[in-house]
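Chemist: Take this structure first; my questions come after.
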Amino acid sequence: MSELGGQDADASPLTSDLWHLSSESVQLVVNIIVLAAIYALLACGYVLIYRVSRVMNMAHGELSMLGAYLLFATATLLAHHPIAALIVAVLMSIAVGVLVYVVLMRRMTGEMVLAAILTTIAIGILLRGVIVLVWSASEQHPLQALGFTNPSLPVFGGARISTCAALIVVMTALVYGSLFAFLRFGRWGVRMRAAGQNPLLAAQRGINLHAIYALAWSLSTLTGSIAGMLIALDSGLDQSMVVIGLKAFAPALVGGLDSLLGALCGALIVGSSEVLAIHYVDPLLSDVVPFVVLIAMLTVRPWGLFGTREELDRV
Amino acid sequence: MSQRMLAGAGAAVLAITAHIAAAHAQDAYVIGVTGALTGPSSGTNGPPVEALRLYVDRLNAAGGINGKKIQLNILDDQAEPSKAATNAKRLLTQDNVSLLILSSLSSTYAPVVAESKRANVPLMFMGAVCPKEVYPPAQALQFCTTAYAGGYDSRATLDFIKGAAAGPVKLGLVAMAIPLSRGEIDYAEERAKTMGMSTVDKEVIPPPTADYTPFATKLKDADANWVFSWAPWVTQVKTFEALRRLAWQDNYIGWSHIEAEGELARLKDPKLYVIGANSFFQDRLPVHMEIADAVKKASVRYPAEQMTEGWIGGLVLEAALKKAGWPVDAGKVRTALEGVSVDTKGLRGGPLEWSKENHFRARQYYRFYRWDEAKAAIVQAKDWTAYEVR
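Going down the list, the protein sequences come from chains A and B. Just so we're aligned, residue 1 is where the first sequence starts under our numbering, counting upward by one. Just so we're aligned, residue 1 is where the second sequence starts under our numbering, counting upward by one.
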């Protein structure tokens, strides 16, 4: 084997073909995992808010993009302190989530769900405009601003992954692990679940619903921002991130809008369908595949893979 | 005061304001612009509109043209065909513009062209890829100042690759899934065959995409040693970066969009080439200094090197309106545009000249740039080469 883990020049053609095939397959698997991780990290934001408040946050893509721009801003301002820039950006993202709830969404509590959803659409439109006004429409590069590089790492079987893409995968695992543990064992996590199952009863038992909803919004914005930041670090930051956030809605629905496990599985299903369609069928299908999978799921199992069946009435 | 009196007073104020605005508009050249100021292609289309605005503001500050100011009515279409159509309709029927300017993705062209034809108002593409309708014999109402254009760009690029390649060329092609990008890459594929190059893979990538690696993987697996991309910069650069992340080490050439100069300096990759019709600011011509100075004074958010397309649009607009005289209508503007001959002062390889039959230019000039590691600077890979436009 050569230094880079590739094949020896003296290998027979059959061995060479097998190696090439194996390398291709491993690269495909890596690509699927990375794309699924991106979708999963974005999808959990939709689930967190819906699970607790039955509101579909249509501004999630814009909030994720805002998180990335906040990182760019802190990276520029704190050019020689990248870690501080990252921490400040994360804290600002949490603050944005709380602010969105306290200033706007709190007023929608008790109103029609449709009104709340329309409010999130308006928030998204507002954010898009503000972002262009503040940062312009040019592509930005937070990675360079932080002074980091994004080297390509060799993976088993000759495949490769960028450092930031690997970080996306690791962070997705960390975020989901933390959320599962928090919701299962954390005091506030249990309260969130209670508020999601029966808000009236939860309120009567002394659970502060506004605090719970604010927590959900802050966690959702945080996870979305982490996704946005990592995507921006890997491949640059521009307005197209909004549409990526929208595409992640499909995995959330496929898995079940109130299930984190569902979001993870939905992301894997959609991610693998997309990568395989690009590789074996037609690259143009990459835009269509998430929604084809979604339609197929809605036809067969409208509440999603792991969603609660009763949610169908609310959707 | 009763409600009825208040309503009447309000209506009167509105009517007077509208009348004043209309009177003011009638005393100015009214030019409409629909552009992708926000949205996926705003990085490419936003700066030309901003540069045009800057140019027009300078003209107006200096007294305007023929003693009249230019009123630029700018609307955002977010590169969405339906929004572009609505903008065009409003600019043409309500604002009564005598020239409509478009700076957006090619997916917006069809509805805007239809509106311009309906209103019989000339349409100028600026900072947006030139459609084939501006080539000879040109469609009467369509004009294009943009550097890049279908057919000629691929010819020049493939000629360059053929000249630069050390051995057989295994060509990879990359387009964005929008009409003109796809059409150009299809043309490049056909032309490459006639030049003895084999196309090993062609990727048509939808905008936007969460991860370009799957597309880059196919190009790498196909063993391309030259990849040519003719698409908005976002597709070009992200595919290139994805290829490099896969440890693909060969040559990549893309169109030199407004972002190219800054990006070549950021990426510092000696095998990344750009082909363009605009000179780079690193050439430090007097006109570059003039633009940089104007950008600094106006505190424009975009870098000066992204202003070239819009500045050329401004040069052409100025020349056309001077020629059209006053009072002006769409017909006079169209006639003036047909005879435009503008000295681009080194921004391009030669003058921009239009005729009744040719609304593109008489000659298209190309230059190639790349990053030189030894000099730690951008260098010309090939100087101006002219192609006759027939």
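Every residue, glycine too, gets a C-beta built ideally from N, C-alpha and C.
Please classify A:Leu-294: is it buried, with 16 or more other beta-carbons within 10 angstroms of its beta-carbon, or exposed?
Modeler: Within the first sequence, numbered from 1, the residue matching residue 294 of chain A stands at position 294. It counts as buried.
Chemist: From the DSSP secondary-structure annotation, give me the bridge partner or partners of B:Arg-367.
Modeler: Start at 1 with the first residue of the second sequence, and residue 367 of chain B comes out as number 367. Partner(s): B:Gly-276.
Chemist: Could you tell me the boundaries of the beta strand (DSSP E) in which B:Ser-229 lies?
Modeler: Start at 1 with the first residue of the second sequence, and residue 229 of chain B comes out as number 229. 226-229 is the extent of the beta strand (DSSP E) around B:Ser-229.
Chemist: Taking C-beta pairs closer than 9 angstroms, name the residues in chain A that B:Gly-46 reaches, listed in chain order.
Modeler: Taking the second sequence and counting its residues from 1, the one referred to as residue 46 of chain B is at position 46. Ordered by position in chain A, the residues that pass the 9 angstroms Cβ test against B:Gly-46 are Val-132, Ser-136, Ala-137, Ser-138.
Chemist: Please report the Cβ distance between B:Asp-76 and B:Gly-35, rounded to the nearest whole angstrom; I am assuming they are in contact, meaning their Cβ atoms lie under 8 angstroms.
Modeler: Translated into positions along the second sequence, residue 76 of chain B becomes position 76. Translated into positions along the second sequence, residue 35 of chain B becomes position 35. With a Cβ gap of about 7 angstroms, B:Asp-76 and B:Gly-35 count as contacting.
Chemist: List the residues of chain A that B:Ile-205 touches, going by C-beta distances under 7 angstroms, in chain order.
Modeler: Within the second sequence, numbered from 1, the residue matching residue 205 of chain B stands at position 205. By Cβ distance, chain A contributes Pro-283.
Chemist: When DSSP labels each residue in this structure, what does A:Ile-295 get in the three-state scheme?
Modeler: Taking the first sequence and counting its residues from 1, the one referred to as residue 295 of chain A is at position 295. The three-state reading of DSSP puts A:Ile-295 in helix, counting H, G and I together.
Chemist: Check whether the Cβ of A:His-210 lies closer than 8 angstroms to any Cβ atom in chain B.
Modeler: Residue 210 of chain A sits at position 210 when you count from the first residue of the first sequence. No, its Cβ sits nowhere closer than 8 angstroms to a Cβ of chain B.
Chemist: With burial defined as no fewer than 16 other Cβ atoms inside 10 Å of the residue's Cβ, what is the status of B:Lys-375: buried or exposed?
Modeler: Within the second sequence, residue 375 of chain B is the residue found at index 375, counting from 1. B:Lys-375 comes out exposed.
Chemist: For the segment 172-191 of chain B against the segment 143-159 of chain B, are there 3 or more C-beta pairs whose distance is under 8 angstroms?
Modeler: yes
Chemist: Do we get a CB-CB distance below 8 angstroms when we pair B:Ala-23 with the residues of chain A?
Modeler: As a position in the second sequence, residue 23 of chain B is number 23, starting the count at 1. Note that B:Ala-23 has pLDDT 44, beneath the 50 cutoff, so the model's placement of it is unreliable and the number below is only indicative. No, no contact with chain A.
Chemist: Report all residues from its chain with a CB closer than 7 angstroms to the CB of B:Met-304; omit the five preceding and five following residues, and keep chain order.
Modeler: Numbered from 1 along the second sequence, position 304 holds the residue referred to as residue 304 of chain B. The question names Met, yet the displayed sequence has Ala at residue 304 of chain B. Cβ within range, chain order: Phe-281, Ile-291, Ala-292, Val-295.
Chemist: So, does the CB of B:Arg-301 fall closer than 8 angstroms to a CB anywhere in chain A?
Modeler: Locating residue 301 of chain B in the second sequence gives position 301, counting from the first residue. So, interface residue.
Chemist: Who pairs with B:Leu-72 in a beta bridge, going by DSSP?
Modeler: Walking along the second sequence from the start, residue 72 of chain B turns up at place 72. B:Leu-72 is bridged to B:Ile-31.
Chemist: What residues are listed by DSSP as bridge partners for B:Ala-377?
Modeler: If you number the second sequence from 1, residue 377 of chain B lands on position 377. According to DSSP, which records beta bridges pairwise, B:Ala-377 is partnered with B:Asp-372.
Chemist: Identify the continuous beta strand (DSSP E) that holds B:Asn-45 and give its terminal residues.
Modeler: As a working mapping, residue 45 of chain B is identified with position 45 in the second sequence. Taken as a continuous stretch (DSSP letters only), B:Asn-45 belongs to no beta strand (DSSP E), being part of the alpha helix (DSSP H) at 42-61.
Chemist: Mapping DSSP to helix, strand and coil, what is A:Ile-87?
Modeler: What you label residue 87 of chain A is simply residue 87 of the first sequence in a count that begins at 1. Residue state, collapsed to three classes: helix.
Chemist: Grouping DSSP H, G and I as helix and E and B as strand, with all else coil, what is B:Lys-356?
Modeler: Residue numbering aside, residue 356 of chain B sits at position 356 when the second sequence is read from its first letter. The answer is coil: DSSP assigns B:Lys-356 none of H, G, I, E or B.
Chemist: Tell me whether B:Lys-271 sits in a helix, a strand or coil according to DSSP, three-state version.
Modeler: In the second sequence, residue 271 of chain B corresponds to position 271, counting from 1. Coil at B:Lys-271, not helix or strand.
Chemist: If we ignore side chains and look at the alpha-carbon of each, how far apart do B:Gly-64 and B:Ile-31 end up?
Modeler: By one-based count along the second sequence, residue 64 of chain B stands at place 64. By one-based count along the second sequence, residue 31 of chain B stands at place 31. B:Gly-64 and B:Ile-31: Cα-Cα distance of roughly 13 angstroms.
Chemist: Could you work out which residues of chain B lie near A:Val-88, taking near to mean beta carbons separated by less than 7 angstroms?
Modeler: Residue 88 of chain A sits at position 88 when you count from the first residue of the first sequence. Simply none; closest approach about 23 angstroms.
Chemist: Can you tell me whether B:Ala-377 is buried or exposed? The criterion is at least 16 other CB atoms within 10 Å of its CB, across all chains shown.
Modeler: Position 377 of the second sequence, counted from the start, is the residue given in the question as residue 377 of chain B. So B:Ala-377 ends up on the exposed side.
Chemist: Bridge partners of B:Tyr-387, per DSSP?
Modeler: Position 387 of the second sequence, counting from 1, holds the residue named residue 387 of chain B. Answer by DSSP bridge pairing, in chain order: B:Gln-364.
Chemist: Go ahead and pull the three-state DSSP assignment for A:Gly-6.
Modeler: Along the first sequence, one-based indexing puts residue 6 of chain A at 6. In this prediction, A:Gly-6 has a pLDDT of 41, which is less than 50 and means its spatial position is unreliable; nothing more can be read from the coordinates.
Chemist: Do three or more CB pairs link the segment 82-97 of chain A to the segment 106-115 of chain A at distances below 8 angstroms?
Modeler: no
Chemist: Which class does B:Tyr-135 belong to by DSSP, given the choice of helix, strand or coil?
Modeler: If you number the second sequence from 1, residue 135 of chain B lands on position 135. Note: B:Tyr-135 maps to coil in three-state DSSP.
Chemist: Starting from the C-beta of A:Gly-262, find all residues in its chain whose C-beta is less than 7 angstroms away, skip the five residues before and the five after it, and write them out in chain order.
Modeler: In the first sequence, counting from the first residue as 1, residue 262 of chain A sits at position 262. Result list for A:Gly-262: Gly-255, Gly-256, Gly-304, Leu-305, Phe-306, Gly-307, in chain order.
Chemist: So if DSSP puts B:Asn-251 in a beta bridge, which residue, or which two residues, is it bridged to?
Modeler: Position 251 of the second sequence, counted from the start, is the residue given in the question as residue 251 of chain B. DSSP, once it has assigned bridges, lists B:Trp-226 as partnering B:Asn-251.
Chemist: Leaving aside the five residues before and after A:Pro-290 along the sequence, list all residues of the same chain whose C-beta is less than 6 angstroms from its C-beta, in chain order.
Modeler: The sequence position of residue 290 of chain A within the first sequence is 290, counting from 1. These residues qualify, in order along the chain: Lys-247, Ala-250, Val-270.
Chemist: Show which residues of chain A have a CB atom less than 8 angstroms away from the CB atom of B:Glu-259.
Modeler: Within the second sequence, numbered from 1, the residue matching residue 259 of chain B stands at position 259. Below the 8 angstroms Cβ cutoff, chain A contributes Ser-138, Glu-139 as neighbours of B:Glu-259, in chain order.
Chemist: Could you name the residues of the segment 26-40 of chain B whose beta carbon sits closer than 9 angstroms to any beta carbon of chain A, in the order they occur along the chain?
Modeler: Ala-36, Leu-37, Thr-38, Gly-39, Pro-40
Chemist: Could you confirm whether any beta carbon from chain A is found closer than 8 angstroms to the beta carbon of B:Phe-280?
Modeler: If you number the second sequence from 1, residue 280 of chain B lands on position 280. It does not; no Cβ of chain A falls within 8 angstroms.
Chemist: Please report the straight-line C-alpha distance between B:Val-200 and A:Glu-24, rounded to a whole angstrom.
Modeler: On the second sequence, residue 200 of chain B is found 200 positions in, with the first residue counted as 1. On the first sequence, residue 24 of chain A is found 24 positions in, with the first residue counted as 1. For B:Val-200 and A:Glu-24, the distance between alpha carbons rounds to 16 angstroms.
Chemist: Does DSSP put B:Ser-341 in a helix, a strand or coil?
Modeler: Translated into positions along the second sequence, residue 341 of chain B becomes position 341. Three-state result, B:Ser-341: strand.
Chemist: Could you please tell me which residues of the segment 233-262 of chain A, in chain order, have their CB closer than 9 angstroms to any CB of chain B?
Modeler: Asp-234, Ser-235, Gly-236, Asp-238, Gln-239, Ser-240, Met-241, Val-242, Val-243, Ile-244, Lys-247, Ala-248
Chemist: Identify the continuous alpha helix (DSSP H) that holds A:Thr-308 and give its terminal residues.
Modeler: In the first sequence, counting from the first residue as 1, residue 308 of chain A sits at position 308. Here A:Thr-308 belongs to no alpha helix (DSSP H), and DSSP marks it neither H nor E.
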